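Using the numbering used here, the first residue of the sequence shown is number 2, and each one after it goes up by one.
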Amino acid sequence: MKVVLLTAALPALVSLPWVQAVWLGRLDPKQLIGPWYILAVASRAKDFMEKDMKNVEGVMVALTPDNKLRIQSSRHGPDGCRQSTVELLKQDSRWAFENPSLGVLDYRVLGTNFKDYAVIFTQLEFGDEAFNTVELYSRTEMASREAMQLFTKWSQGLGFLSHQQAQLQKDFTCAHKILQVGHLFVHHSWLPEEPGTPGGPSSKPA
2 MKVVLLTAAL PALVSLPWVQ AVWLGRLDPK QLIGPWYILA VASRAKDFME KDMKNVEGVM
62 VALTPDNKLR IQSSRHGPDG CRQSTVELLK QDSRWAFENP SLGVLDYRVL GTNFKDYAVI
122 FTQLEFGDEA FNTVELYSRT EMASREAMQL FTKWSQGLGF LSHQQAQLQK DFTCAHKILQ
182 VGHLFVHHSW LPEEPGTPGG PSSKPA
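Shown next as structure tokens:
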């Protein structure tokens, strides 16, 4: 499968020796829409290691009529499943979004094969705490080896320590509440076409 790494809008990343920058501004963010599992996370949040429940999260991504990125998520919290919805505004890059009023300073795709997985970078600021995360989005309940390798490369390359990275536990209770996977994953109409097919991405692999 073809993989593309996005670094055009993250100047600090271009010094990483394994990164080959490819500009994907011409591609459509609609390739990110639909249901995802978050299977792995790297985070610099202060309480990341203190959280006992690091279970798989569910995310539903959509584009609003005015081209905002709507992200609905369901994750474990102290009182059970916690659901939230945020809408992000598009930056200059089609793959970069933000909503500073909600504490989301940057949300962008670092790497993807345009079909099965995506590695997402987020810069957050809540009160006096600012931190960033890298998350592995997967269309399926189990990440491919290729996806895990890309997530690990980005996490390590961005300086996340081993204790700041975690593969989430295979508890899909909260994820299923928002994804309703019983029927969503039967149909893949939201998925982009394979590279090389009409309408599909034609970028060379990094």
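C-beta atoms are modelled at their ideal positions from N, C-alpha and C, and glycine is treated no differently. Quick caveat: nothing in here was measured; it's all calculated off a predicted structure.
Between the C-alpha atoms of residue 100 and residue 92 there is a straight-line separation of about 10 Å. Look at the beta carbons and you see the region 47 to 66 not touching the region 154 to 161: under three pairs across the two are nearer than 8 Å. Proximity to residue 124 across 174, 180, 104, 87 peaks at 104, based on C-alpha coordinates. Looking from the CA of residue 165, the closest CA among 32, 47, 37 belongs to 47. In this structure, residue 30 and residue 70 form a Cβ contact; the two beta carbons are roughly 7 Å apart against a cut-off of 8 Å. Beta-carbon to beta-carbon, residue 136 and residue 42 are separated by about 5 Å, close enough to satisfy the 8 Å threshold. Cβ neighbours of residue 61 within its own chain (closer than 7 Å, five residues either side excluded): 36, 73, 179, 180. Taken through DSSP and simplified to helix, strand or coil, residue 91 comes out as strand. Sequence-distant Cβ neighbours of residue 172 in its own chain, meaning closer than 7 Å and more than five residues away, are 56, 57.
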